Amino acid sequence: MIRYLIKNNMKLMTRSFINIMVLVICPLMVSAILTSAFTALMEKYEGSDGFKVGYKITGNVQDGFEDSIITMGDKSGIQFVKYTNEAPEDLLKNSDISCFVDFSEDTYKIYEKEDCQTEGKILEGAMSLYFDISSNYKLLINSQEDLVNVEKADFIPAVDSKDYYGIIEIVYFAWCAIVCAAGLLTNEKKYGIRNKFVISGISEVKIYLARLISLGAIVTVGVSLSAIASVLLFDVHWGNVLLSAIIVIFMVMASCAFGLMIYTITDSMVLTVIITFIIVWIAGYIGGSFETYMFSSTSQSVKELSPIYHENRALVEILLMGKSDYFISAVLYSLGICTGCSAIAVIAGKLRARLA
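This is how it looks when you write it as structure tokens:
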């Protein structure tokens, strides 16, 4: 019986073809707009391959100091070039050096070109680190071969805007899955189909599961078509397809259960769409559907309340690193929503059937 119900439900939903196309076309349109708007913001910083810095020494300094400064520069991608009598301002104007350092006995002064502020900051950082290791030059000179123990920290690589929005907009619109069931639910109510199910003795659990499975299948197809189109049209990458697919499938079932729960409680398609869109918009805003979660000013504790945040972050990190610490939480969050909403929907359906 449940297979017959699933088949019949899918036929009714596919007749409302335009509702399914919302899940295919809208993510592509919104991701294209946001990608265009935020491309510059999410561009990767390309580091400098190295730059030249002029220097001169006025006054007495420790023996070996000059050699240690040059060694430090070589390790930092800074080529120190010595000058004697030239004025720093003239050198910066007429030569290819980016900055100039005037070393004296107790201090140093840095000059930089107006268009070389990045190089100036790098130089300032290198010099500050160099001198902060010790308060006297003697220790620096004696330990110049091993001034700093350098370790590379783990970090998340930068993500391209088209990849980011190409993924997370599909997630966002997938949470509006209930629109695909509009044709089914409207016809059930219009022709009293649900009452006929009750009279025939079909359990509320079977009625609900038939709706959930058929809606989940339709939405999965729509989301898959949108994902394929994003790859073909915008060259969006999804990283590990298997892990991404697992997250999306659990997310789709959670979205369908959430929408069906609201409909069962309200018994109104209009109210269901309005309530769903409001909740999804809030969860999406917190979760990075519009403002990237990397640059969001929302506190971490608030962001982690949104299931969309867990799904967005897991999918983006899987793309960038092939794995994510948020994979488990994204799946469990979706599973919890699906289970909880399904239980509430079945209970609400039984109560409504008794009151009918």
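Residue numbers (numbering that gives the first Met the number 0): 0 to 355. In this text, a Cβ means the ideal position worked out from N, Cα and C, and glycines have one as well. No experiment lies behind these values; they were computed from the predicted model shown.
| query | result |
| --- | --- |
| Sub-8 Å separation of S213 and M12 beta-carbons | yes |
| Segment contact, 8 Å Cβ cut-off, at least three pairs: the region 50 to 68 with the region 257 to 269 | no |
| Element boundaries [alpha helix (DSSP H), containing I273] | M268 to G286 |
| Whole runs of the alpha helix (DSSP H) within the region 46 to 92, excluding any shorter than 4 residues | 64 to 75 |
| Limits of the beta strand (DSSP E) - the one that K112 falls within | Premise fails: K112 is in no beta strand (DSSP E) and is neither H nor E. |
| Y308 vs I336 beta-carbon contact at 8 Å | no |
| Any 3 or more C-beta pairs closer than 8 Å across the region 110 to 125 and the region 83 to 98 | yes |
| D101 (DSSP reduced to helix, strand or coil) | strand |
| Pick from T271, K349, A256 and L242 that is closest to Y325, judged by C-alpha positions | L242 |
| Euclidean distance between Cα positions of F196 and K10 | 17 Å |
| Boundaries of the alpha helix (DSSP H) in which G348 is found, first to last residue | F326 to L354 |
| Classification of L350 by the beta-carbon crowding that lies within 10 angstroms, buried from 16 upward | exposed |
| Backbone CA spacing between G221 and S75 [nearest angstrom] | 51 Å |
| 8 Å Cβ cutoff met for V158 and L314 | no |
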